[in-house]
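**Q** I have a structure I would like to understand better, so I am pasting it below and will then ask my questions one at a time.
In the working numbering, the protein residues as written are 12 to 194.
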């Protein structure tokens, strides 16, 4: 889409200056539906397909939609505030990764005994995978080796999914993960 019309970035990707001063308020939602390339959208949709379909079946379609949009929007707003107050005004945030990482946490919370096969051969329980991803994302954010990846948005996706489950359902994902580790 961005190849067909470069102006798509200006209007749909989330930029701190455009949101704060230009009143492009819709960008806090639309950024999730614009991606930085075919591999970016491909891997996000793979995650949504494999984890999201099961989470949707458990939560129901309406609740899943609300979860996805709330987590993705809050992850984006968190990143927007970080970039704004950090003086990084010319970033354009794109992709569903914040929401997808939230879906991954939801999957691990709802299906703590599920095995996920990394590279199709290495079995890992869902909560272990989420904890591993969290550590990797945190290390990437702290180390400053970010490239064009919004690791902070991924971490915010985990955070807001955690809060969503705790506030909406009274489920503490960390407690679920700890209980799973004790088994």
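Cβ coordinates follow ideal geometry from the N, Cα and C atoms, glycine included. Quick caveat, the model's predicted, so the values are computed rather than measured.
1. So the alpha helix (DSSP H) residue 81 belongs to, where does it begin and stop?
2. Using a Cβ distance threshold of 8 Å, determine whether the segment 122-139 contacts the segment 77-87, with at least three qualifying pairs required.
3. Kindly give me the distance between the Cβ atoms of residue 112 and residue 62, rounded to whole angstroms, as I take these residues to be in contact under 8 Å.
4. From residue 87 to residue 104, what distance separates their C-alpha atoms?
5. Candidates 131, 140, 26, 53: which alpha carbon is nearest residue 93's?
6. Only counting runs of 4 or more residues, tell me where the alpha helix (DSSP H) segments fall wholly within the segment 29-60, in order along the chain.
7. Pull up the distance between the alpha-carbon of residue 99 and that of residue 190, whole angstroms please.
8. For residue 136 and residue 30, I'd like the C-alpha separation in whole angstroms.
9. The alpha helix (DSSP H) spanning residue 139 covers which residue range?
10. Once the 5 residues before and after residue 183 are set aside, which same chain residues still bring their CB inside 7 Å of it?
11. For residue 48, count neighbouring C-beta atoms within 10 Å of its own C-beta (all shown protein chains included) and say buried if the count is 16 or more, exposed if not.
12. To the nearest angstrom, how far is it from the Cα of residue 83 to the Cα of residue 114?
13. What is the residue span of the beta strand (DSSP E) that residue 100 lies within?
14. Is DSSP giving residue 184 helix, strand or coil here?
**A** Short version:
1. Unbroken alpha helix (DSSP H) run through residue 81: 72-96.
2. Here the segment 122-139 does not lie against the segment 77-87, with fewer than 3 beta-carbon pairs under 8 Å apart.
3. Wrong, their Cβ atoms sit about 10 Å apart, outside the cutoff.
4. Straight-line spacing of the CA atoms in residue 87 and residue 104 works out to 8 Å.
5. Selection 131, 140, 26, 53 evaluated against residue 93 yields 26 as nearest (Cα-Cα).
6. Restricting attention to alpha helix (DSSP H) runs no shorter than 4 residues, the segment 29-60 encloses them at 38-41, 49-58, ordered along the chain.
7. The alpha-carbon separation between residue 99 and residue 190 amounts to approximately 40 Å.
8. In a straight line, the C-alpha of residue 136 is about 39 Å away from that of residue 30.
9. Boundaries of the alpha helix (DSSP H) harbouring residue 139: 137-154, taken from the DSSP string.
10. Here the set comprises 177.
11. Answer is exposed; the Cβ neighbour count stays below 16.
12. Computed Cα separation, rounded: 10 Å.
13. Per DSSP, residue 100 is not a residue of any beta strand (DSSP E), being assigned neither H nor E.
14. Helix.
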